[in-house]
Structure formats: structure tokens, C-alpha cells
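Protein chains in written order, with the working numbering: chain A, 39 to 1067; chain B, 217 to 322; chain C, 273 to 392; chain D, 21 to 254. Just so it is clear, CB atoms sit at the ideal spot from N, CA and C, and this is done for glycine as well.
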Amino acid sequence: MSALHLHPLGIYLFGLGGGFLLPILYQVGKRWLHAGFVVAMLGMTLCAVVPALSVLQSGETIEITTAGALPPVSINLRFGPWEAAVSASATLAAAMLAISFWQTIRTKYVPLLLFLIATMGVNGLIQTRDLFNLFVFLEILSVGTYGLLALSTSRAGVQAAFKYITATMVASALVLLGAVLLYKATGHLNIDLLIEAAPPLAAPIAGTALAMVLAGFLIEMKPYPAGGWGLDVYETAPPPLAAFLSVVGSAGLIFALGKLLPLYDQALGLLTVGAALTFLASNLAGLRQQNVFRLLGYSSIGQMALLLIALAVLTDIGANEVAPYVLFGLFVNHLLAKAGLFCLAGALRARRVDQPLSLAAKPALALLLGVFVVAIAGLPPFPGFWAKWELILQLAEAQRPVLIGVILIGSLFEAAYLFRWFFRALGPAEKSESEEADDALTLQDVLPPVGFAIFLAIGGAAGAMASGALTISTVLPLLAGAALLLAEPLPGRIKAVAMLAIVAAGSLLLPRPEGIAGLFGPVLLAGGLVIAFAGMAWPGPRRGHYPWVAVLLLSIQSLLAAPTGLAFYTAWEFVTLASAFLIARREAARGEALRFLIFSLAAAFCLMAGFAMIAADAGTRSIYAIIALGSGDGLGVALLVTGFLIKAAAIGVHVWQPGAYAEATDDVTALLSAVVSKAAIFGLLLTGYLVLRSQMEVEFGRTLAWIGMATTIAGALLALRQAETKRLLAYSSMSQLGYIVTAIGLMGHLGWVTALYLVASHMLVKGILFLAVAGVAHRTGSSLLADAGGLLRAMPVTAAMVAVALLSMSGLPPLMGFGSKWLLLAAMMEKGWAELAIAGAIATFLGLWYMVRLFTALFLGPPAAGGARGEASPALLLPQVLLVGGILVLSFFPKLLMEPVSAAIDPEFAATLVWQGQSLETIYGLWDPTPMMLSALVAVAVLTLLWWTAVRDRRVVPTARAALVSASPLPPALMPPLAITFWRGVTAGTNRVADTVRRIYTGNAQTYVLLTLLYFLAVAVALPLIPAR
Amino acid sequence: MIELVASFLMFIGSVFVFSAALGLLRMPDPISRLQTGTKATTLGAGLILSGLAVLHPERAVQYVLIIAFVFISNPISSHALARAGLKTGRTEGDVPEGERPEERAQ
Amino acid sequence: MTALPVSTVLMVTGFGLVLLGYSAILIHRNILKMVIGFSLVDSGIAIIVVALGYVQGGTAPILDADTTAATVFVDPINAALAVTAIVIGFAVTAITLAYAIRLYRLHGTLNVDAFTESRE
Amino acid sequence: MTGRTVHLGLSALALAGLAFAFSRLVGAHVEPTALGQLAAGYIRLSPEELSVPNVVTGILLAYRSFDTLGEVAVLYMVAASLGPLLQPMDNPVASETPRLSENAGEIIHSGHFALLPLIGVFGAYVILFGHLSAGGGFQGGAIIATGIEFYMIARVASAINVKAFSALESGVGVLFVAVGVFGLVFAGGFLDPRFLPAGELGHFVSGGAIPLVSLLLGIKVAAELSVVLERFRG
């Protein structure tokens, strides 16, 4: 008897028995009613979860027959591994949703029994093996939903319910007719026998019947353009009910479709196209939504379409051993994250997308919402990411680039509108709204979302384990971030020290990469720690800052040490997310953070697609194995380069950088510019190695060099026109990165040594400049060039630091900048690219110009009105001193950097390439640094002496300063903001397309019925036309 | 001979039922439509059933019972409908689409 | 001319009713007529289900006294499915009518064009 | 206006498409001369295993009774959800049609004396003898419901006690599930009616629990339909 209790059949006993019992219990007493519901719901969940666990462990299926007879005479249910997993998770989600639904449904017995029976209906849809029984359970779910929709009492709510009913009635009629006609054509109602009979799609009766059943179930999943009615319900229904429909109801529907898929073997292409259209259209329309729940509705329809694409494609290409992980990963991700989003949005009384919910003041809720948004956007570490990664790689192996494009573009749109809502929600709400939301948050509101988030984390870990990425390098950054998150209540200083300690200790635990990555690792770690130390200058708890900085720095280390594409990409996404959230900590920077995130995700998706194609070609997924093989896949390499160039803020795609750097808090900007941008350079170097042995090597080099040089010149010109220090430095860092990209483009031993040398020097210089400027802004209260001035006396140390940094960056003899410029020009000459060398010279001159402009504007000339209140805080100065120390050391002992650099590069190059022209030693031979250094010092001394005499004359300096600050190199007409107008045009175009896409949903019930009928006809016409493969 | 009589009876019956359908379409207002609908169908059904009774004499009793039942229930139901229409004032003639009072209101 | 097979006549009437129902739904803007349209579709489908089960010269599948081994029966499964289809059709029509009444009470009109508050 | 003409045009297209699809079906339909393998199986099994002469009831209440259980749930949910749906909203716009207060007319009053017994007997017969001759729980329940409704029309002032009916309805529902569980425990499987003696084919007491299930179903459907109609009377 006890076995019966935990037999899947118990789902139906508790569901129906409970459902029938509730009215009687209601008449006995309301307490009995609630007890009855809880027992029934708990019983149903246990009867789903416990047998599911045993089935998943043992792997054997529970066959359930009814009426004491075997199918096909009687109806049978199957509880195999697939059914168990989906049933258990759907029922569990329904139980948790019941908690957040409790307030609305506890008063009367009707919603309670409807919820119970509807959940049982979903289980029936999943488990039944009889086609007509599938129709009956579809009706149970639909009628249960119609009844529950009575809860939305608003006018729009009742209208939406009516549209929902009329449209689903058409779908049910189609499924019914289809089922009966299939019985007529094949003589079977049992799905397994139907699949054996394999009725042909082109046959008149069987074909039309199959089209009816397929169209019926497709319409139930609200495809574009026949899905408008679904959105109205998501928008108006009580959030937990909308969550139930979007997550639990859809689980039953898509499983039912999955069960029938073998009947449509030839039509998988048609299914993929239909689902892709829905995925793209609903995510496009999502961009233009103002109502939060309508937006979540579009997103959930999109996610279901993505699941359908995965189902259809993976069955089509026969990736059977991978399919369970991908499908279940996508399914659970949507199930948990979307349910959490609906419940949380409901609890927070969110209505409009641009309505701030002052979540920044409630970090726990912000974290919760952030978890769900990141999960839905398919970003690590949540199950959706591992599933999407594997899906894209399978698609690449099956040569489906168009589909990869559709999925990634759709995901980008989805991430865009979800994060836009998330960042808006962080903003401070007007007093009235936030008060009302505060007191309403009861345990019932918060418990389900927290439960969903915990399951998401477990799912994420399981997904990582399944795809073999659960290594120390992916887990460590998260652990560090979590540890610091727990330490939030501690005072700011202690947290800063703790963060530095954790990062340092953590980096020791990470595996030590060799070769170029071995070089990047310590350099970026040291630079990162020193700059992060400057965080001490900002007192106060700085909630959220330290955990993300720890995640950022450690993820960069694990990115460098990543053995496989997946590990690299996971770390890359952690870096992107950490930077975006760091930028978004400042209220004013949230718009820029969104732009930063969208461009970074676009870059990341290019990388994913590119790597997938190359890995598919090479047949392996480990980075260094692919590099050893080399790759001729043009599209793959192009995508990789595009991705890395976007992150390196190359010309045209640099629009995200200035705003992000200017608006973020100063130490974050320093980290972003000095340390994070180098990850993109590392990526370009890897791609360089990849194409080293293929014939693309020359084009790759040439394009990279020219893009780099164009970026440098554009960056320098733009820097000259900036009036604000941080924007000036942002453009300057864009220009310096251009230098490095050009150096990589030289595709030679010398070129790459220069690139690495430039990486180190740029990190040191930018670290100093950003921190110095931070000190200035700190002291003078404004970061405008015009407001500063004459700070030499007030902030002598900062002035000295800036002077050293600018000297080094401009390439004047004594410091390491000169060495890098010298090598760059020498390498260009060696390569024979004369015109590039000339452009390099111009760029250096422009660089010199804006550096002098910055220095004179800040430190020379008459002290500005405000005047500085003394030197910058020591916490800012100490890192600068350390960095200057680094510069000096590397200037006077270049061999310290040169040997490890050329050694790191040499094995790759020397082993494979015969070198023409001078090797590094010969060039270095004639350039002995020490005498050069002394003569440079003498020259500088003479120059300062000359300058001192000029300064004696009062008028020379201020006039020179004024001229420099206001002068702009080219008339503005000559330098139109091409990139910005281009990207603004792109967004306007996307919005126009999105508007045309969503205009078809006129909200009219009759139109929706018409669209469903036309959708069926389209399926009925297309199905027989498919050539039987 | 029996078939001839039976089919003749059934033919007349079907003519009446057809006239009932025609009446439903052509009559201007609900009350007159009810009137044609009831009288013609009662008689038509009666005739068809009597034709069947002639065809299967061993079941004649059941057919007669059905005829009796139809003769009782049909008029009562139409009477109830007419009375309800009268009481709730829905007796004016059929108004074409769009001109109904509440639609004219928009 | 050979008599039309009974099931074809039935199927034609069934599909005719379904078409009639859907045309009513698509053309009339009064939601009550749409509800009537849906109930027409349901009855049409019930007729089709029964028609598909018809076997030439078959009688009702009830084995009472005067059925012999040679009696040809109509397909019982379609009859059973028709019962279920009719009951579910009735249930859904009832709830649709309820929603139509609720819409009328809320908006004072039965015109479907008036119910487009949430769209795009 | 263009929107309307576009809509009508597309509707015409949709209807033409449907007509074409349906005509393709009717054209391809060939009237079978013999039963399919499954149907013949049921005709053979129903009297043999269930000893129920009416094969349709055998299928409905035994072999495919999981369908019937689901269907009963659908009807039950509709009856339950009509309550909250039809209760007057807080801002009733249109005035309700006036409730007829005085009694129904003489004809209806006397008519219902004549007809009610007939309807009652016929309904009961259809339910109880559902497994022997044409009929069954659903059909019988519907007939009884019309009887109850006729009674309501005849006696306007009276109204069925909705609370009692819904209690009856859910009680019977629980019994239905209990019968299913008995089948699981005592007989072959869930909803297997053979836990009661099969009895003689053609006799009233035969077919295991099928007559009992048919009775339960009849009561449940009668109660539900009258509750639904009662809700609509507002």
C-alpha cells in the first residue's frame, strides 16, 4: 500500500481526489479547506518528485496501465526519465507558485481546486501515451486556466481571458479533429503505435490530421503571428498565474509536442523555421514593450520557441546523447528564472518597464532580480548558459550558421530589454511607490523567488558539471565574490583589505598557464591589485563593489589559464558581467552600463559563434589543440576578430567605451582601462596564433594593422576635443589600444614583442593617469579641464606622477614608452609598411599634443577659482608611486621585460617560422639603454631650464594654457560623429522593425481567431510540400 | 403497398419540416417565427413518425408514444419561449446587423 | 444513381457546420454570435466524429438479444469519443458564454472591437 | 474602412482554405465495410471481459474511463468556476433583465405535471440501463438536468440549493475516484470495474462496477448541469 502512495499515479489521485474534496472541506470550515489544499498539493508534488528521483537513478521506466487492460485497449501512462524530470520540476514549480499565489486564492475553494486540477492536467499532458487522452488533458489544462483567469477582474483582464478562450478553443478543436482523423487513417489512438504506423505527411487524411494536431499544439504555444492572445493574458493575469501558464503550462505543452515529434520526422525543418520566426519576432517585439508583464510574456514565448528550435534541430541532426542536457538545461532555466521573475515583479508591484523600484537601496532584492535576469539572458553560471553553449556548438557541427545567427541575435535582444528593465528598476523610486512596495513584501512574496534562485544555482552547478566546466577556475571567482558578499556588513577598509587578500590568495590557487598567458597573468594581476588598492580612497561600505572587483580580477586570471573554449568563454562572460555591474553601481552610469553590456554581449556572442565554427572544423574544443591545428575557417576567424575588436574599442565599435569609462567610479574606470581591456588583446593574440599557419595570415595582419592605426588616429583626434579629463583619457586609452592592435597586426616576432611591451606600459600609464585624475577631481570637485589649473603647487606629487606617465606614454626617450614606440616603428619598417609607419608617427605627434594639453590644463597656469584643498589622499598616491616605480624599473632595465616576453613568444614562432630580418637581439644590440637614458636626461634638463625662464614672464604660461585647452585640431565639420550616428541609426531601424512586427497584434479577439486559422492553413499547406527525406 | 403509404406519409412530413425551416428564415419577428417553427415541426415530426409506424408495425406503440410526447412538449416549450419574449420585451422585428440599439450606441 | 454513402453525407453536414461556425465567428462582431459559432463548430465536430466511425450497413454496437455473429457494427470508439467531445464542447461553450456575459456587464457592449485594451 | 475589408478578405481566404482542406478529406474518405482491428477487439472484449452488452458504455466507463475521469473533471471545473465568473461585478453597467416574479403561465405549470414524470423515468432508465442498452451516465444525467430545469421554469420562485448540489457533486466525484482506487487495489488496475462480480451478460446486475459508475456519473452530470443552468439564471 505504501508504494501506491509514492507511485506517479498518486499525482492523479491527489489532483482529482483533492479537487473533488475541496468544496466539501470548504463547507466544513475554511481551515479544513486550506489543510486539504496543502495536503493535496504536497501529495501531488511528492508523488511526482520521489518516483522521479528513483527513475532517474535506476533509469528504468514506470509504465502505468489503467482499467486493468494493456494498451491499445486501455489508456497507458509512461513515467520514464524524460517524463520524470519534466513532471517533477513542473509540479515542484507549481507548488512553489502556489505559495506566492496563496494570498489571491486562499479565500474561495474554486481557485484552489482549479489550480490543483490544472497542475494534474500538466502532468497528464506529460505522461499520457494516448492521443485522445492527450486532448482531454489539454482541455483540463485549458479549462482550468479559463477558470483561474476569472481572478483577473480588471477590464483588460476579462478581455484577455476571452481572447485566450476563443484562440485556445480553435487549437483544441484542431487537436480533437486531428486525433479522430488519425484514428480513422491509422486505426490507432496510442501514440507509440501511431509512431510505428508512421502515417505519411502527404496522404490526404493522415496528412491533414497530422497538420491539425501539429498546428493545434503549435498554436497553444502562442507562435508568431498567431500568439497575441497569450500576451494579453500574461499582461493582465495575476503574476503567479501568469508564471504558472508561462512555465508549468508550457512545460506540459512542449513535452506533448516533443512526444509527437517522431510523427513529423520530415517536418523538423519546418518546425525549426516556425520556431525561429517566433523566437526572433517575440524578442524583437520585447524591445518595444512598456508593460513589465507583457515584456515577460514576450520573453517567455521566445524562450519556449528557443526550446522548440533546440528540440527540432537536435532531433534533426541526431545529437541524441547531448540532447537531454541541452533541452533540460534550457527548460529548467526558463522554468525557474521566469517563474522567479514573474513572482518577484508581482511582489515588487512592477508595472511599467521604466518605473524605478529603488532596488539599489534593497541589495538582497536587487541580487535576486539580477540572478533571474542573468539566467534568462543565458549567461553563466546558470543552466541556460551551458545548454545554449552546447546547442550552438552542435549547430556549428551541423553546419547551420544562419540558425546560430538567429539564436544569438534573438538572445541579444532579450538580454537588452531585460537588462534595460533591471537597470531601470535599480533607480530610486518616488517616495509614494516605494513605500507601498516596502510594507507589502511578506514571506509568501519572497520565499518562492528565493527558492527558484537556489534551484537555479544548483541547476547551474549541475550544468557546469555535465559540460565538464566545473573546475577551480570557474568556481573560484564565484566563491570569492560570494565570500565578500557575506562580508558586506563589515566596514569599507576591512573589506578592501579582505578583497585584496582573497584575490591574491585565489590567484595562487589557479593553475599557472605558460607561454603568453603565463606572461599576461602576473602583469594583469599585479596591475589589478595595485589599482584595486586605490579603492581605499573611497571610504564607506561601497556595497557591491568589492565582491564584483574580486570576481573581475580572478575571472581574468581564469580566462588566461582557460584550456577549453568553454572555460575561456565562461570567464569572459564573468568579466563582462562584473564590469557591467561595477559600472552600474553609480546611478548616473546605468545608461552607459547598459550600452556597455549590450556591446559586450554582442562581442561575446560573436566569440561564441566564431569559436563554435572553428571548433566544429577542428573537431576539438581545447583552445591549444585548435591552435596547433590552425584554422582556415574564414567566417569563424572573422567573428572572433570582430568580437575581440569590439571589446578593444576599435574604430566604429568604440562608442560604448568613452561613456562607460567617464561615468563609472574612478577606480573602476582605472581597472577597466588598464586591466580589463587587455583581455581583448590576449584574445587577439590567440586568434593571431590560430591563423599563423593558414593562408589568411597576411590579410589578418594587414586588416588588424590598419584598423589599429585608424583607431589610434581617431582616438587621438577625439581626445584632443574633450573638455572633461576622464573622457580625454578614455579616448587616449582607445588610441593606445589601437597601437597594440597594430603591433599584433604585424604578425611577426618583433611585432608581438612590441605588442606585449605596449600592453605592460599602457597598463602602468593608464593606471597612474586615471588615479591621478581621480585625485584631482576629488580635490577640485570637478573633472572639467577648464575648472582645473595651476595645481602644480597644490598637488606636486600628483603632478610628478602625471608627468612621468605622460612622458612614458608619449614615447619620449628616457622612459619605456620610447622603447615600445622605437620597436613598433622598427617592426613596421622591417615589415615594409612605410605608409603605416608615417601614420604611426602622426599618431604619436597627436598623442604628444593631447598629453601636453592635459598636463598644462591641469597643472600649469593660474590656480583656478576653487583651488585644490591640498594633495590627493595617500590611498590614491601610493598605487601611483608603485606604478611609476614599475615604469622606471622597466625603462632602465628593459631586459627584465624583454627576455620573458620574447621567450614567451619565441617557441611558437621560432619552431614554425624561418625569420627574415634582424632578430630581437640584433636590434637591441645597437640600442644600449643606459647611454641613451643619460643623454635624454641631459636634454630634458636643458628643456626644463628653458621653460623656467619663459615661466618667469607672467603672461606666457596662462595664454599658452588657454590656447591649448580651447584649441581643437580639426574643425568639427571635418570630424562628424560617424560611429554614433551609425549606431543610432541601427537602433532606430531595429525599433522600426520591432514596431512593424508587433503591430500585427491588434488586440482584437476576432483577428486572433483569424490568425490562428490562417496559421493552421499555413501548416497544413507546408507540411505535405516537404520532400520526404 | 405498405412502403408506398409510409413513404407518402414521410414525404408530407418532410415537406412540413421544410416549410418550418423556411418559416424560420422568412418570418419578420420572433413571435411569428416561433409560431411557424412549432406548428410545422410538430405536425411534420408526427407525420414522419406515423410513416415509420406504418413501416414497422411491431414497434407502432413506441412511435405513437413518441408522437404523443412531441405533441405535448413542443407546444409547451414554444409557449414558454413566446411568454418569456413577451415579458422581457424582445418581440420587435429582426433588426439587421449593426443597427441593434446597443450597437447603434457606439 | 448509387445512393451517397451515409458517412459521406454525415461528414459533409459536419464539415458544413464547422465552416458555418467559423464563418459566424469571423464575420459577426457580436461576441454572443461568436459563442454560438463556437457551439456550431462543436456540434459539427461531434457529427464528423460519429460519421468517421460509420461502417457500411452497421448498427449500434450493442450486443442485445437479436444480434448474431454476422451483425455488422458501427465503430464504438468514435461513439465514445463523440460523447467526450460533446461534453467538453458543452463545458467550454458554457464558460465562454459566462465570459461574454461578464464582458457585457463590464463594458455594456457585445461588440468585439471594443475589447482591445491590451495590444501590440 | 480598410481594416474591416482586410479582415473580411482574410476571413474569406481562411474559410476557403478550410473548405478546401475539408473537401480533400471528404473526397479521400472511403466508407469502410468492416471494423478496424481495435474496434473489433472492443466488440469481442466488452461482453467477454466486462460482460457489458453496450460496448460504447464498456469503452466509456471501463477501458477508456481515464478519459471519462478527465472529462468529468472538466465539467466539474466549469460548474465550479461559473460561480465566481457570473457573480455580479462591483460596477454592473447594464441593468439586469427583470426577473420574472410571478408564477409561470398556466400552460407551463400544468404541462410540467404531465411531462416531468416522463422525463424523470426516461432519464433514470437511460442511466441505470446504460450498460445494457443505449445510454449511460452522461446522457441520462443530461436528461435529468433538463427535467430539473423544466421544474425551475415552471416554479419560478424556487431555486435549487446550489450549496447542496455542489456538495453532492464533489461527494460523487470523490466516490468516482474511490471506485478507481478500488479497481487498483482489488482488480487489475486503476479504474478497473471488475472488483464487483461480473454477473450474467444482459442482466441488470452485471458488468462489475459499471452500473455503479454510470449511476455516479448520472448524478454528477445532472447536478453539474443544473448548477450551471442555475448560475446562468443569475
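Please determine, among Ser-192/A, Ala-217/A, Ala-241/A, the residue with the shortest C-alpha to C-alpha distance to Val-271/A.
Of all alpha-carbon atoms in Ser-192/A, Ala-217/A, Ala-241/A, the one lying nearest the alpha-carbon of Val-271/A is that of Ser-192/A.
Can you pull the chain B residues whose beta carbon is under 8 Å from the beta carbon of Gly-29/D, in chain order?
In chain order: nothing, as chain B lies at least about 18 Å away.
Which residues in the same chain as Thr-88/D place their Cβ atom closer than 6 Å to its Cβ, once the five residues preceding and following it in sequence are excluded?
Leu-80
Mind pulling the chain D residues with CB within less than 7 Å of Ala-332/C?
Ala-154
Can you find a C-beta in chain B that's less than 9 Å from the C-beta of Ile-127/D?
Chain B contact via Cβ: present.
Local conformation of Leu-115/A per DSSP, three classes
strand
What residues in the stretch 276–299 of chain C have a beta carbon less than 7 Å from any beta carbon of chain A?
Tyr-294, Ile-297, Leu-298
For Arg-390/A, name the three-state secondary structure that DSSP assigns.
strand
In the structure shown, what three-state DSSP assignment does Asp-168/A receive?
strand
Between Phe-202/D and Arg-214/D, what straight-line distance do the alpha-carbon atoms span, to the nearest angstrom?
10 Å
Hey, how far is the Cα of Phe-808/A from the Cα of Ala-708/A?
5 Å
In the DSSP assignment, what residue or residues form a beta bridge with Ser-660/A?
Its beta-bridge partners are Thr-602/A.
So, under 8 Å CB-CB, Pro-486/A and Ile-137/A are touching, yes? Tell me the CB distance rounded to an integer number of Å.
5 Å
Buried or exposed (CB count within 10 angstroms, at least 16 for buried), Thr-818/A:
buried
Considering just the uninterrupted stretch of the alpha helix (DSSP H) at Ile-292/A, what are its terminal residues?
288–298
Test item: CB-CB of Thr-224/A and Leu-215/A under 9 Å
no
Extent of the continuous alpha helix (DSSP H) to which Glu-101/A belongs:
First-last for Glu-101/A: 100–103, but that is the beta strand (DSSP E), not the alpha helix (DSSP H).
Between the alpha carbons of Ala-810/A and Leu-456/A, how many angstroms are there, rounded?
Cα to Cα, Ala-810/A sits roughly 36 Å from Leu-456/A.
Spell out whether any CB of chain D is found under 9 Å from the CB atom of Ser-40/A.
At Ser-40/A the pLDDT is 45, less than 50, meaning the model places this residue with poor confidence; the figure from the coordinates comes in the next sentence. Not closer than 9 Å to any Cβ of chain D, the Cβ of Ser-40/A fails to qualify, so no.
Determine the direct distance from the alpha carbon of Ala-264/A to that of Leu-256/A, and round the result to whole angstroms.
So the two alpha carbons sit approximately 9 Å from each other.
Leaving aside the five residues before and after Tyr-221/A along the sequence, list all residues of the same chain whose C-beta is less than 8 Å from its C-beta, in chain order.
Leu-169, Phe-170, Leu-227
Fully enclosed by the stretch 179–254 of chain A, which alpha helix (DSSP H) runs are 4 residues long or longer?
Scanning the stretch 179–254 of chain A from its first residue to its last, the whole alpha helix (DSSP H) runs of 4-plus residues come out as 193–224, 229–235.
Based on the DSSP output, what are the partners of Ser-226/D in its beta bridges?
Gly-219/D
Determine the burial state of Ala-370/C: buried for a count of at least 16 other Cβ atoms within 10 Å of its Cβ, exposed for fewer.
buried
For His-692/A, which residues in the same chain have their Cβ closer than 6 Å to its Cβ, ignoring the five residues on either side in sequence?
Once the five neighbours on either side are set aside, the close Cβ partners of His-692/A are Met-772.
Which residue marks the beginning of the alpha helix (DSSP H) containing Pro-421/A, and which one marks its end?
421–435
In chain C, which residues lie with their C-beta within 7 Å of the C-beta of Ile-79/D?
Pro-348, Ile-349, Ala-352
Mind pulling the chain B residues with CB within less than 7 Å of Ile-173/D?
Ala-296
Should Leu-235/D go down as buried or exposed, given a rule of 16 or more other Cβ atoms within 10 Å for buried?
buried
Under the three-state DSSP convention, the category Glu-121/A falls into
helix
Partners in chain D for Gln-65/A, counting only beta-carbon separations shorter than 9 Å
Lys-183, Ser-186, Ala-187
Closer than 8 Å at the beta carbon, the chain D residues around Thr-368/C:
Correct list: empty, because the minimum Cβ distance to chain D is about 10 Å.
According to DSSP, is Phe-387/C helix, strand or coil?
Phe-387/C falls in the coil class under three-state DSSP.
Assigned secondary structure, Ser-235/B (DSSP; H/G/I helix, E/B strand, else coil):
helix
Using only the alpha-carbon positions, how far apart do Ala-78/A and Phe-58/A sit?
11 Å
Buried or exposed: which applies to Met-503/A, given that a residue is buried once 16 or more other Cβ atoms fall within 10 Å of its Cβ?
Its Cβ having fewer than 16 others within 10 Å, Met-503/A is exposed.
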